[in-house]
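Engineer:
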Amino acid sequence: RKETVDLDIKGMTCAACASRIEKVLKRMDGVAMANVNLAAESGTVEYEPDVVHLEDIIHKVKKLGYKAVLKQ
Ligand code: 9UX
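Position one of the sequence shown corresponds to residue -2 (the working numbering), numbered consecutively onward.
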C-alpha cells in the first residue's frame, strides 16, 4: 500500500535545497519517491503508511530547516 502526498515547503533559497530535501527523504525507510520543486515551493512524496508516518516525513523536512505542511 502506498500513499502520495503534496507538501508545501517554504524556506528553500537555492536549487540545492530541493535536492537536499529529496535526498534525505528518499533515504527514509518507507519512502518510495520524493520530488521537490524550488520554484513551486512544494514537494510530492510517495510513501508506505505501514512503514513510515506522514508526520515523520514532515518532521524530517522541518529538521533540515524548512517549513513544511500538508498541502490543502
Ligand atoms: Mo543552498 Mo539550501 O547553498 O539548504 S542548499 S541554501
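Built from N, CA and C at the ideal position, the CB exists for glycine as well.
Model, not experiment: these values are computed from the prediction.
Checking the sheet assignment: what are the DSSP bridge partners for Thr41?
Structural biologist: Per DSSP, Asp3, Asn32.
Engineer: Within the structure, which residues are defined as neighbours of ligand 1 by a Cβ-heavy atom distance below 5 Å, reported in chain order?
Structural biologist: So the residues near ligand 1 by this Cβ test are Thr10, Cys11, Ala13, Cys14.
Engineer: Assign Ala15 to buried or exposed, taking buried as 16 or more other Cβ atoms, counted over all protein chains shown, within 10 Å of its Cβ.
Structural biologist: Buried, by the Cβ-count rule.
Engineer: Would you check whether ligand 3 has a heavy atom nearer than 7 Å to the C-beta of Met9?
Structural biologist: Here the bound small molecules are ligand 1; ligand 3 is not part of this structure.
Engineer: Throw me the rounded Cβ distance for the Val49 and Val28 pair, which I believe falls under 8 Å.
Structural biologist: Confirmed, Cβ separation roughly 6 Å.
Engineer: Measure how close the beta-carbons of Glu43 and Met30 come, nearest whole angstrom, since I'm counting them as under 8 Å.
Structural biologist: So it is a contact: roughly 4 Å between Cβ atoms.
Engineer: Would you identify the three-state DSSP class for Leu67, choosing helix, strand or coil?
Structural biologist: Reduced to three states, the DSSP call for Leu67 is strand.
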